[in-house]
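The opening residue of the sequence shown carries number 229 in our numbering; numbering runs sequentially from there.
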Amino acid sequence: MHALALLVTAGGSGQVEQIARTFGVDWSHLIAQMISFSIVCILLQRFAYKPVLKMLEERRQQIAQGQANAEQIKAELARIEAQRREVLDKANAEASKLIEEGRAADVVAVDELRGVAARDDGVEHVLVALGGNPVAVAAADAYLSTYVRFCE
Numbered sequence: 229m230h231a232l233a234l235l236v237t238a239g240g241s242g243q244v245e246q247i248a249r250t251f252g253v254d255w256s257h258l259i260a261q262m263i264s265f266s267i268v269c270i271l272l273q274r275f276a277y278k279p280v281l282k283m284l285e286e287r288r289q290q291i292a293q294g295q296a297n298a299e300q301i302k303a304e305l306a307r308i309e310a311q312r313r314e315v316l317d318k319a320n321a322e323a324s325k326l327i328e329e330g331r332a333a334d335v336v337a338v339d340e341l342r343g344v345a346a347r348d349d350g351v352e353h354v355l356v357a358l359g360g361n362p363v364a365v366a367a368a369d370a371y372l373s374t375y376v377r378f379c380e
């Protein structure tokens, strides 16, 4: 294109005109098309490409923020999981302690029942010793009936 312009300005217009006629170039239409194409390119750049590129950049930022949030959530989840394990371990230790205390209290209660049964004071004394606890009364009743059968 630049070569054609140079040939036209250098005085070789006859040769350029011959080449243009050979290819069927109409200078007025060619210049109008170049101006139209330039206008379309400017409009597309301003109203299409820039908004699309801006939208793509916003989307990239949203994705980056989402990934950062996901990492924060993973860290928070790991921290909460560690706290949960700690609470469960503490609860298990406390439950084991309570079970051991219950077993120790059961041993004491059984020893008291054996003492009461050995004195043969009767079931009323056992009920008073157990404080009216229905589960303990049932256990004591079963124990005493077994003890009585064993003694006979």
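The beta carbon of each residue, even a glycine, is placed where N, CA and C say it ideally should be.
Integer-rounded CB distance, given that A364 should sit under 8 angstroms from A332: Contact flag wrong, Cβ pair sits at about 15 angstroms.
D254 in three-state terms, based on DSSP: coil
Exposed unless 16 or more other CB atoms sit within 10 angstroms - verdict on A303: exposed
Straight-line Cα distance separating K325 from A319: 10 angstroms
Residue environment, A368, which counts as buried when at least 16 other CB atoms sit within 10 Å: buried
Euclidean distance between Cα positions of L281 and F265: 22 angstroms
Spatial neighbours of R274 in its chain, beta-carbon cut-off 6 angstroms, leaving aside the 5 residues before and after: none
Spatial neighbours of E285 in its chain, beta-carbon cut-off 8 angstroms, leaving aside the 5 residues before and after: none
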